[in-house]
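Visitor: One structure follows; several queries about it will come next.
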Amino acid sequence: MAEFNFMGEPLQLPSNVVPDAFHDWGREVHDWQTQCSTLAHPEKGHFAYKDIKLVPTVGCEEDAVTVYGVEKCDVQRDASMLAYHGSGSYTITWRGNRVENESSHGPGKEVIREGDDLEVEQCLVHEQSRTRIRVCQHLRMRRHIRVFREAWEGPFRNGESLGGCAVGTAGFATEKPLHVSSLSGFWHAMLYSSNSLQNQLVKQQMCKTGGLSFSGEEIFERTLADSFLFLCLPKDMWTLLTRTDSGGTLVETGWLVNPDQCIVSRCEFEESGILKGVCLRHEKRLSAEEATRRGGSLRTSDWQDIEECIDEE
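Residues in the sequence shown are numbered from 937 upward in steps of one, following the working numbering.
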């Protein structure tokens, strides 16, 4: 896991958790090693996970693993909305700010939520590689964003087995960010949305859940002008937090999983705090000739047209 500021610059880990050896070598540390134990019961409407953050180590010994902090996230307790897709991709709006306290159950930190701020978490899953990304950012103001890049390790164990640095994905915070030119061109998008989540107040105390089902498709051209607002991240990821023409807020997270395939999540809120809609997009690149041949719905992507995707039945 890595944190980035609103300019896309990676944040260093607190100096008090970084081993002295890294300071002696003049090396900066920007990546946390994390493990996430997730449990879902769709038939019960229950979804929860536990994020475990580990203290950096110089070596790779498993017995050197030390827990820095644990965050238990329960959708029914702390969220106002969950939209999920059969691939494992989802969008959640969490209520409250994350606050770190000393753990009452042992060493390390525990995270609780306080206040009435809203945080949007967008998870995109690439089924073929069994990897996923999670991007978390506050709705009202982008102070910083948290980005998780995770690989599936095995069945649910509730965090009882912690691996050393040889387990999971490698650090990515300081790698080169996505170049927006790689997103330009013609694309075919399969759209997935949920009618049951539209027009919901995101600050409500009861969590509203809904599945994302196929709602249409489109062929469009994405230009460099479309992506000037993107916050480009390493590992071919991007995110966007911007105001809409109507005064609402649009949150978008995207992942170029290979040169010809994107997974994109869009979530829009009205100025009043009403959820306007959630849309998951599975996009594949087309040649100009193929786009023209199939171009019954061909158009140029524009931010004013985003509502067409979100509201499409």
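Every residue gets a Cβ at the ideal spot worked out from N, C-alpha and C, and that includes glycine.
Mark A1019 as exposed unless 16 or more other C-beta atoms lie within 10 angstroms of its C-beta, in which case mark it buried.
Guide: A1019 is buried by the Cβ-count criterion.
Visitor: Kindly list the residues whose CB is nearer than 7 angstroms to the CB of G944, restricted to its own chain and excluding five residues on each side of it in sequence; keep chain order.
Guide: Only P1113, L1167, C1168 and L1169 meet the Cβ criterion.
Visitor: Excluding sequence positions up to five away, which residues of its chain have a Cβ less than 7 angstroms from the Cβ of D1010?
Guide: Once the five neighbours on either side are set aside, the close Cβ partners of D1010 are A984.
Visitor: By Cβ distance below 7 angstroms, which residues in the same chain neighbour Q1110 in space, the five residues on each side in sequence not counted?
Guide: In the sequence as displayed, the identity of residue 1110 is Thr instead of Gln. So the qualifying residues of the chain are P946 and H966.
Visitor: Return the residue from the list R1076, T1159, V1061 and A1087 that minimises the CA-CA distance to V1200.
Guide: The option with the nearest alpha carbon to V1200 is V1061.
Visitor: How far does the beta strand (DSSP E) with E1204 in it reach, from first residue to last?
Guide: Counting along the chain, the beta strand (DSSP E) containing E1204 begins and ends at Q1197 to F1205.
Visitor: Taking E1007 as the reference, give the member of D987, P992 and R1013 with the closest Cα.
Guide: Here the closest residue by C-alpha is D987.
Visitor: Run through DSSP, which three-state label would S1039 get?
Guide: Note: S1039 maps to coil in three-state DSSP.
Visitor: Round the Cβ separation of D1053 and H1074 to the nearest angstrom and send it over; I've been treating them as touching at under 8 angstroms.
Guide: Between H1074 and D1053 the Cβ distance is about 6 angstroms, and since that is below 8 angstroms, they are a contact.
Visitor: Write down the C-beta distance between R1031 and R1049 rounded to the nearest angstrom, noting that I regard them as a contact closer than 8 angstroms.
Guide: About 6 angstroms separates the two Cβ atoms, so the contact holds.
Visitor: With a CB to CB cut of under 6 angstroms and the five nearest residues on each side skipped, what residues in its chain are close to D1238?
Guide: Residue placement at D1238 is flagged as unreliable, the pLDDT there being 41, under the threshold of 50; a coordinate-derived value is accordingly withheld.
Visitor: Can you list, in chain order, the residues of its chain whose CB lies under 8 angstroms from that of S1118, leaving out five sequence neighbours each side?
Guide: If we look at S1118 and ignore the five residues flanking it on each side, its Cβ neighbours are D1172, L1192 and P1195.
Visitor: Ends of the beta strand (DSSP E) at D1052?
Guide: K1045 to H1062 is the span of the beta strand (DSSP E), which, as asked, contains D1052.
Visitor: Let me check one thing: in DSSP terms, what residues is V954 bridge-paired to?
Guide: DSSP output for V954 lists no bridge partner at all.
Visitor: CA-CA distance, H1021 and R1068?
Guide: When rounded, the distance between both Cα atoms is 13 angstroms.
Visitor: Consider the Cβ of L1114: report whether some Cβ of chain D lies at a distance smaller than 8 angstroms.
Guide: Chain labels in this structure do not include chain D; a single protein chain is all it has.
Visitor: For Q1064, count neighbouring Cβ atoms within 10 angstroms of its own Cβ and tell me buried if that reaches 16, exposed if not.
Guide: With fewer than 16 Cβ atoms within 10 Å of its Cβ, Q1064 is classed as exposed.
Visitor: Taking the alpha-carbon positions, what's the G1146 to S973 distance?
Guide: Going from the Cα of G1146 to the Cα of S973 covers about 22 angstroms.
Visitor: Please report the residue range of the alpha helix (DSSP H) in which V1225 lies.
Guide: Per the sequence presented here, residue 1225 reads as Glu, with Val not at that position. First-last of the alpha helix (DSSP H) with E1225: A1224 to R1229.
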